[in-house]
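Student: For the sequence shown, numbering that gives the first Met the number 0 gives the first residue as 0, with consecutive numbering after it.
Think of the CB as a built atom: it goes at the ideal place given N, C-alpha and C, for glycine as much as any other residue.
Small disclaimer: the values here were computed from a predicted structure and weren't measured.
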Amino acid sequence: MPELPRHVTVTAAALALAARGPARLALTPRDLGDLGVVDGAPGTDVLLLPAPPGFDWRLDDPGPSLVGWPEGDGVRVHRVAPGGPPGERVGATALLAGSAASARVQGVLGTDAAARKTVAVLGLGSGGSFITRELAKAGVGRFLLLDHDRLEPGNVSRHECGLGDVGRLKVNAMRDVVLAHHPAARVATSDLRVEGGTLDAVRAFVAEADLVICATDNRESRLLVNGLCLAADVPMILGGVHRRAYGGLVQRVIPGLTPCYQCFVQALPESAADNEISSATSAARVSYTDREVAPQPGLSTDIVPIALMMAKLALVELLTGEAEVFDSLAADLAAPIHQWINRREFAHAGLAPLGNGVDGQTVLRWYGVLLNRLPDCAACGKPQWQEGDADPEVEALFAADPRPPSG
Ligand SMILES: [Zn+2]
Numbered sequence: 000m001p002e003l004p005r006h007v008t009v010t011a012a013a014l015a016l017a018a019r020g021p022a023r024l025a026l027t028p029r030d031l032g033d034l035g036v037v038d039g040a041p042g043t044d045v046l047l048l049p050a051p052p053g054f055d056w057r058l059d060d061p062g063p064s065l066v067g068w069p070e071g072d073g074v075r076v077h078r079v080a081p082g083g084p085p086g087e088r089v090g091a092t093a094l095l096a097g098s099a100a101s102a103r104v105q106g107v108l109g110t111d112a113a114a115r116k117t118v119a120v121l122g123l124g125s126g127g128s129f130i131t132r133e134l135a136k137a138g139v140g141r142f143l144l145l146d147h148d149r150l151e152p153g154n155v156s157r158h159e160c161g162l163g164d165v166g167r168l169k170v171n172a173m174r175d176v177v178l179a180h181h182p183a184a185r186v187a188t189s190d191l192r193v194e195g196g197t198l199d200a201v202r203a204f205v206a207e208a209d210l211v212i213c214a215t216d217n218r219e220s221r222l223l224v225n226g227l228c229l230a231a232d233v234p235m236i237l238g239g240v241h242r243r244a245y246g247g248l249v250q251r252v253i254p255g256l257t258p259c260y261q262c263f264v265q266a267l268p269e270s271a272a273d274n275e276i277s278s279a280t281s282a283a284r285v286s287y288t289d290r291e292v293a294p295q296p297g298l299s300t301d302i303v304p305i306a307l308m309m310a311k312l313a314l315v316e317l318l319t320g321e322a323e324v325f326d327s328l329a330a331d332l333a334a335p336i337h338q339w340i341n342r343r344e345f346a347h348a349g350l351a352p353l354g355n356g357v358d359g360q361t362v363l364r365w366y367g368v369l370l371n372r373l374p375d376c377a378a379c380g381k382p383q384w385q386e387g388d389a390d391p392e393v394e395a396l397f398a399a400d401p402r403p404p405s406g
């Protein structure tokens, strides 16, 4: 008999099969045999019963080496030999679908409001992927993911997806990440690039969303998304990392209330231009003259603080007034722009070291940046686009979702 695993996970699909009657299922070894997975595939290794067996139950089947049955919200698994009763107990975990995974979040927030929210994430690079995963963990119910890129080996040191996802469209890989953390989430994806030619499709995504995360890596696309969000009256959070990720800025745009991205670009052109160039593609786009531009990527540890602030602002925007834990934070994060410095470089080379206990600005702290709307802003000074209704093509993407709705 092969070595039996020290722990077994049993999926909801396998338990559903057993609920209809005793099921003979396959056991897939993982982690060099430390873990066995019972996912509902037919086989002879495991006998799953619909209910606990009686005290005189004996195995009358020569195949299975494990027998299990539902117990409370979980599952109980024992070793078993032909003709014998359940023997030594084996550690087991039931992988329940959907709501069980997010119940803990609901407990923290005191509401399931996040489940009713739709977030569009435009751009799934290092920052966008981190934010998406955080919002999935926080229980956001619907995601609209848009990115035209495929994951490359050079991305994985900064991305939520690893080498196993190289070659995949980032939207598909991130869909799996969302569902791994929040199985009840609905995810619609698009592999379009945000540019003038795709404006109608991006507008449809924006119109469907309660909040837009703009995590694209160039000014042109950010200005397009800015205009679409203003027209559709949808709040937007965008963030940027400075050169070599020595710091970054996060902006929250609430149409008609806070300065928009165009206001920011007009008011603080140097900050707006001080963008990290994270890939050869971005470098090529910047070097439209004969100027040599090299990629200057930062470390993930320098990007995550910026992305984490964006995720936090997203939750504040979505849940203020619905989840008490965000009410005071909303007052703290009222500034339209927040700045973070990772290292004392460039414009911030003269800051005093953090350890000196100074009162002035230091690294590794957030600072609110005050900025007013510009009355002559080309984007929020006057509406440019007509607001559209919910788009039937986006609705169709959700309708095509093959998974059954989970309860
Ligand atoms: Zn503006």
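Following the continuous beta strand (DSSP E) through Y366, name the residue where it begins and the one where it ends.
Tutor: Per DSSP, Y366 belongs to the beta strand (DSSP E) from W365 to V368.
Student: Compute the Euclidean distance between the alpha carbons of L350 and W365, then round it to the nearest angstrom.
Tutor: Rounded to the nearest angstrom, the two C-alpha atoms are 14 Å apart.
Student: Classify F54: buried if its beta carbon has 16 or more other beta carbons within 10 angstroms, exposed otherwise.
Tutor: Looking at its Cβ environment, which holds fewer than 16 other Cβ atoms inside 10 Å, F54 is exposed.
Student: Which same chain residues, not among the five before or five after Q338, have their C-beta less than 6 Å away from its C-beta?
Tutor: So the qualifying residues of the chain are L248, Y366 and V368.
Student: If you measure from the CB of Q250, is any heavy atom of ligand 1 nearer than 7 Å?
Tutor: It does not: the Cβ of Q250 is nowhere closer than 7 Å to a heavy atom of ligand 1.
Student: With contact counted as at least three CB pairs below 8 Å, one residue from each stretch, are the stretch 225-232 and the stretch 325-341 in contact?
Tutor: Contact between the stretch 225-232 and the stretch 325-341 is absent, because fewer than three Cβ pairs lie under 8 Å.
Student: For E269, which of G239, G297 and V252 has the nearest alpha-carbon?
Tutor: For the residues G239, G297 and V252, the minimum Cα distance to E269 belongs to G239.
Student: Identify the continuous beta strand (DSSP E) that holds A93 and give its terminal residues.
Tutor: Its beta strand (DSSP E) spans residues R88 to L94.
Student: Taking the beta carbon of D445 as the centre, do at least 16 other beta carbons fall within 10 Å, making it buried, or is it exposed?
Tutor: The structure shown does not extend to residue 445, since the chain is modelled only from 0 through 406, so no value can be given for it.
Student: Use the C-beta contact count for V224: other C-beta atoms within 10 angstroms, 16 or more gives buried, fewer gives exposed.
Tutor: Buried, because 16 or more other Cβ atoms sit within 10 Å of the Cβ of V224.
Student: With I340 as the anchor, note down where its beta strand (DSSP E) starts and where it stops.
Tutor: Where I340 is concerned, the enclosing beta strand (DSSP E) stretches over I336 to I340.
Student: Our contact map puts T215 next to L121 with C-beta atoms below 8 Å; I'd like the distance itself, whole angstroms only.
Tutor: So it is a contact: roughly 6 Å between Cβ atoms.
Student: Hey, V139 and A113 are a contact pair by Cβ (cut 8 Å); roughly how many whole angstroms apart?
Tutor: Contact holds; Cβ gap of about 5 Å.
Student: Just reading off the beta strand (DSSP E) that C213 is part of, what are its end residues?
Tutor: L210 to C213 is the span of the beta strand (DSSP E), which, as asked, contains C213.
Student: Taking the beta carbon of V107 as the centre, do at least 16 other beta carbons fall within 10 Å, making it buried, or is it exposed?
Tutor: Exposed is the call here.
Student: Quick check on this structure: which residue in D199, D301 and G195 has the alpha carbon closest to the alpha carbon of R242?
Tutor: For R242, the nearest C-alpha among the options comes from D301.
Student: Ligand 1 heavy atoms versus the CB of P254: any closer than 7 Å?
Tutor: Not so, every heavy atom of ligand 1 lies at least 7 Å from the Cβ.
Student: Indicate the three-state DSSP secondary structure (helix, strand or coil) for E386 in the structure shown.
Tutor: Note that E386 scores 46 on pLDDT, short of 50, meaning its location in the model is unreliable; the coordinates nonetheless yield the value given after this. DSSP places E386 in coil when its eight states are reduced to three.
Student: Indicate, with yes or no, if ligand 1 has a heavy atom lying under 7 Å from the CB of C213.
Tutor: No; taking the cut-off as 7 Å, the Cβ of C213 has no heavy atom of ligand 1 nearer than that.
Student: Unbroken alpha helix (DSSP H) runs of length 4 or more, entirely within the stretch 188-256: which are they?
Tutor: Complete alpha helix (DSSP H) runs here, min 4: 198-207 and 218-231.
Student: If you measure from the CB of C262, is any heavy atom of ligand 1 nearer than 7 Å?
Tutor: Within the cutoff, so yes.
Student: Would the beta-carbon of L227 fall within 8 Å of that of S189?
Tutor: No, the Cβ-Cβ distance between L227 and S189 is not below 8 Å.
Student: Spatial neighbours of G20 within its chain, please: C-beta separation below 8 Å, excluding the five flanking residues on both sides.
Tutor: Within the same chain, G20 has close Cβ partners P49.
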